[in-house]
Amino acid sequence: MYQKYHCLSIVCGKNPTPSLPFGPHVRSLLCRGVALPTLFACSFKVLRVLDVYNFTSFIVIGIEQLVNVRYLVLSDTLPPLESFHRLEFLVVINSCGFEITDVLLNMMSLRHMRFDESARFSESICRRAIKEKSFQIKNNLQSISYLHVFDKADEKILGCSPNLRMLKCWVESSHGFSFDFLNQLEYLKLGSETVVSLPLNLKKLTLVGTHTSREQMEIIGKLKYLEVLKLCDVSFEGKQWDTMEGEFPELKFLKLSRVKLAEWNTSRDHFPRLQRLALESCVDLKMIPPSLGDIPTLQMIEVYDCGRAINKSAKKIQEEQEDMGNEDLKVIISRPYWENLSVSEPEEENEEESVRESEEETEH
């Protein structure tokens, strides 16, 4: 039974008999439902994808034999991972309070770590980072999300992952904190009270719950590779944002969500390559700057739950562009609240999909 299959899916209530030989060709095991099976690793010699996040209790006898696993999804706690020499993608569900150990941080094969709730570096490795002047760990991590960052010890540990391209994190105390040493970082989602020092090569930046000064917004505007900027629950100093010529030279997508902003003074020259503007629940904003409609590259303005003034402002921009012969500018105004929660946005890097696709190509 199952001799010819490469992918095995265990669904709700269908608990397999653990003694069954699942076959030498099963490379992907996906478990969905409430069953609590005990499985024998010797039945999955070539297993590469193990996804069992729906189980609150899951036992694999001889799990150290799963040396070919590259993609692992589990809940709560992890088994010993020392033998997982080929693991590339780790997902931990229900990860609140999860501690990232030195075992994980020293796995050279591991590329991506994802936690649905913020994880943190373990106390033991933080103590090492503080005590050891020549503290060093080696890894090839490319993405971490979500990480809870507390102090300089965490900053020092992150500095040992120079290949990071994506980081989603919450910074507990951002005073004096810096990410500018992450030279390869392209995408940063940052929850922080104030803006920390940012890497210069960022292409995508999301700020959440941040209080920004005029100087800090100027620094963000000078990120010459920035293509996507999302500001969520961000407070602008004096509820005013004044942009300048030479800022945001490559920005293509700008999203303002629930921002504390009333006056937005800008010009078409300040966003020379902007393609999409999305406003969501910007109740304080008085109007969309009319000059934004004159940006040659602008394709779409999206307005969700912003009130009549912004709706009217967006519609006026569209009408003015139509009067000048520009029929290409699309304006979307409002939707029911339950639809507003999923504003269409540029896709973020999805390492999970890329790993799965590579597995499928290998199987074929």
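Per my numbering, the very first residue in the sequence shown carries number 7; after that it's consecutive. All C-beta atoms, glycine included, are put in the ideal place defined by N, C-alpha and C.
In this structure, phenylalanine 104 places its C-beta atom within 8 Å of the C-beta atom of phenylalanine 121. Secondary structure remark: continuous alpha helix (DSSP H) runs of at least 4 residues inside the stretch 112 to 145, in chain order: 129 to 137. The stretch 260 to 272 makes contact with the stretch 236 to 252: 3 or more CB pairs, one atom from each, lie closer than 8 Å. Taking the Cα of methionine 114 as reference, the smallest distance to any Cα among Arg92, Leu72, Ile106 and Ser124 is reached at Arg92.
Taken through DSSP and simplified to helix, strand or coil, aspartate 248 comes out as strand.
Under DSSP, glutamate 105 shares a beta bridge with Arg126. Distance check between leucine 194 and each of Val234, Asp157, Lys230 and Val240 places Val234 closest, using alpha-carbon atoms only.
The DSSP assignment places 269 to 271, 282 to 286 and 306 to 310 as complete runs of the beta strand (DSSP E) inside the stretch 265 to 314, in order along the chain (cut-off: 3 residues). Glycine 313 and isoleucine 338 have their C-alpha atoms roughly 13 Å apart. Contact check for isoleucine 106 against phenylalanine 127 passes: the beta carbons are separated by less than 8 Å. According to the DSSP secondary-structure assignment, tyrosine 77 is paired through a beta bridge with Val55 and Phe95. With contacts defined as CB atoms closer than 8 Å, glutamine 281 and leucine 304 qualify as a contacting pair. Nearest to leucine 188 by C-alpha distance, out of Leu72, Ser149, Phe141 and Glu326, is Ser149. In this structure, DSSP gives leucine 164 a helical state, which the three-state scheme calls helix. Scanning its chain for C-beta atoms nearer than 8 Å, with the 5 sequence neighbours on each side dropped, one finds around serine 203 the residues Phe183, Ser184, Phe185 and Asp186, in chain order.
Beta-bridge pairing by DSSP links valine 337 to Ile307.
Here the alpha carbon of serine 198 sits roughly 42 Å from the alpha carbon of glutamine 71.
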